[in-house]
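Below you'll find the structure, written out as structure tokens, and then a few comments.
Residue numbers (my numbering), protein chains in the order written: chain G, 34 to 254; chain D, 171 to 708.
In structure tokens:
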């Protein structure tokens, strides 16, 4: 049997591709291009943040001090750890260690859920403190308007980040199912790999969000 | 002449019934789904244009109220820009042709391609809902704070529709980029690709890089409107000019999403109907990429009167002038291709000639608008309206119709009535110029856009424009009729009715579902029409 003929019969090979290698390259490039669009999507918000922070540095620093740095730091550690377990899941998939893949995917999902749990506790506190922008917003008079701007950015940026986390956990569930039923094999693990790309990207967004939102003006004496 | 027969098996008879279309993953069928969608929304958007031109036939605001008029031009703009012009060429002709032109069986992600169509339709449904439940009056530009605070019209569903449709555009662009990188047939190098693919690639880059910025901007508008979060509302600490920057960062490049694919079509048409390789292939190819890149750096020319700094305006002005260079490269190269070519005046070529003339006028008047001083004089007048209609209607729609006529025999397997087609191409050209050329004059004389009443001295020019619009409308209806007619009664086309080169003409018409009986191996350059003068007496 020719090697090409063997590949043509691989159950994971889609009809439009000639080989699994071509299919993997296409999927990987597709994910990178998608992440590029995500950079621009978040980029619009980072730009908005950068302009308003440059205009109203004092208000942003004061408002930033209202965020819970401890919970933020814990969440950062949780998320970086989830990136580690994700990378380990990809590694295990490359080696064809199915059980390990499943365990690492579970660990990634649990850490992701922990992040979302801690995030909702933070949101709840902000709600209680009347720091949610809108008619009910309360803040010291001097910084009222621009602190509201800060919290608008805080909620939209962390909110969209959290939405990406939820989608990421959904993807991990699919990956878990595919690995469980044996679709993911040593020959065909690119779904896990490109899901990992997405997961790492979402983590990186947080790595930027954390200092920009939580740590303003904390480096001083 | 050998009798032409339909191939026994092709993508149109590979399954019948609604489900075989709604769940298809064949890029050719998805292209036809898009064709149905964009045609429908083109006529919806056109209906609003008819009402606008009827109102403007008399100086008094007598047909509709001022508020209704605001809604008419808004919904005309929204429908035409987001649901016709942006998807038209890439999603219909691009979808059909990209895999065939590179010798692939399908796009890289067929399911994603179908999903793009559904996303487009869902977005269109939201926006249509906004229209039938009261309409939208913000202008297609959604300027804040009017859109977030003052307007009482259906901003949210309309914005949601545009947000959703944006993802269709992003995913289509992504699919094209990956397909062109990873799926080219053996021997199909980048510099052997038809120029339509180069311009589609450049378009895809803009779709992928620009659309997400529009998405987030529209989302911020919606959040500001619903939850009173302040991003752009000055009373909440925001800055409305920031909205304009973010909006035009996408919406200026969006103009190139509309016109670049049309330029790609024109390159194909000029080569095929002059029987010559496109003059300066690599210049035309890189001009597409150059337009895409420069297009991202000129958005500030929409904001010369919006409180932008003088220095920013200066830089944006200079950069806007630079776009003229790659655009002119294309026009000159098409002209040079025609020079001493063996030109046949079939319908697609008529559209190509029309495009070159109209795009040149549209482009040159663009230079007026890139000059800060002159732009201040004509800002928000009919001069602007005329300028961008020369690009979008004179450019994009001429290119789209030219391409549709050129590839129709491939798409349907049948020929349309050439005489009717030539006549309607002429009607469209005359109607278009009669509609929009007077608008240059009336705009330069000072008639502002977006008002339903105007001083009586502008009536002659406005009546000319309205008369032209009715001729244009007839011109658009005729192709609808004879193209539909040809589906059943047209003569069979055979695989290569134009005697053109390119992989799409090497397969049957209509092509089989997998496009080629076996993967082609490309050993020739693009537009391999032989030496330019061979076979002709100079």
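Cβ coordinates follow ideal geometry from the N, Cα and C atoms, glycine included.
Residue 551 of chain D is bridged by DSSP to D:618. The three-state secondary structure of residue 395 of chain D, taken from DSSP, is helix. Interface criterion not met: the Cβ of residue 311 of chain D is under 8 Å from no Cβ in chain G. Annotation for residue 631 of chain D: 608, 611, 612 place their beta carbon closer than 7 Å to its own, counting only its chain and skipping 5 residues before and after. Residue 67 of chain G reaches chain D at 340, 341, 344, 378, counting residues in chain order whose Cβ is nearer than 9 Å. In this structure, residue 352 of chain D and residue 62 of chain G form a Cβ contact; the two beta carbons are roughly 6 Å apart against a cut-off of 8 Å. In this structure, DSSP gives residue 662 of chain D an extended state, which the three-state scheme calls strand. For residue 172 of chain G, not one C-beta of chain D is nearer than 8 Å to its own C-beta. If you look at residue 236 of chain D, you'll find it in the alpha helix (DSSP H) that goes 236–248. Exposed is the label assigned to residue 515 of chain D, since fewer than 16 other Cβ atoms lie within 10 Å of its Cβ. Counting other Cβ atoms within 10 Å of its Cβ, residue 77 of chain G reaches 16 or more and is therefore classed as buried. With 16 or more other Cβ atoms from the protein chains shown falling within 10 Å of its own Cβ, residue 398 of chain D counts as buried. As the crow flies, the alpha-carbon of residue 191 of chain G is around 15 Å from that of residue 181 of chain G.
For residue 418 of chain D, the CB contacts under 6 Å within the same chain, skipping 5 residues up- and downstream, are 469, 472 in chain order. The beta carbons of residue 510 of chain D and residue 454 of chain D sit no closer together than 8 Å.
In the DSSP assignment, residue 584 of chain D is bridged to D:662. For residue 91 of chain G, the uninterrupted alpha helix (DSSP H) run begins and ends at 90–97, by DSSP. Within chain D, the C-beta atoms nearer than 7 Å to that of residue 168 of chain G come from 398, in chain order. Secondary structure at residue 232 of chain D: coil, using DSSP grouped into helix, strand and coil. Between residue 318 of chain D and residue 391 of chain D, the gap from beta carbon to beta carbon is short of 8 Å. With contacts defined by Cβ atoms closer than 8 Å, residue 540 of chain D and residue 497 of chain D do not form a contacting pair.
Only 278, 279, 280 from the region 278–298 of chain D bring a Cβ to less than 7 Å from some Cβ of chain G. Interface residue (Cβ-Cβ distance to chain D less than 8 Å): residue 78 of chain G is classified as such. For residue 528 of chain D, the enclosing alpha helix (DSSP H) has its first and last residue at 517–540. The continuous alpha helix (DSSP H) containing residue 190 of chain D extends over residues 188–192. Looking at D:308, D:249, D:336, D:310, the one whose alpha-carbon comes closest to that of residue 298 of chain D is D:249. Here residue 555 of chain D really is in contact with residue 619 of chain D; their C-beta atoms are around 5 Å apart, less than 8 Å. When the alpha-carbon of residue 321 of chain D is set against those of D:567, D:594, D:292, D:394, the nearest one is in D:394. Residue 214 of chain G carries a coil assignment under DSSP once its states are collapsed to helix, strand and coil.
Residue environment for residue 43 of chain G: exposed (fewer than 16 other C-beta atoms within 10 angstroms of its C-beta).
For residue 340 of chain D, the enclosing alpha helix (DSSP H) stretches over residues 325–352. Between the alpha carbons of residue 529 of chain D and residue 517 of chain D lies a distance of about 18 Å. Per DSSP, residue 421 of chain D is one residue of the alpha helix (DSSP H) stretching across 410–444. Runs of the alpha helix (DSSP H) lying entirely within the region 266–302 of chain D and spanning at least 4 residues, in chain order: 280–302. With contacts defined as CB atoms closer than 8 Å, residue 504 of chain D and residue 488 of chain D fail to qualify as a contacting pair. At least one CB of chain D lies nearer than 8 Å to the CB of residue 74 of chain G.
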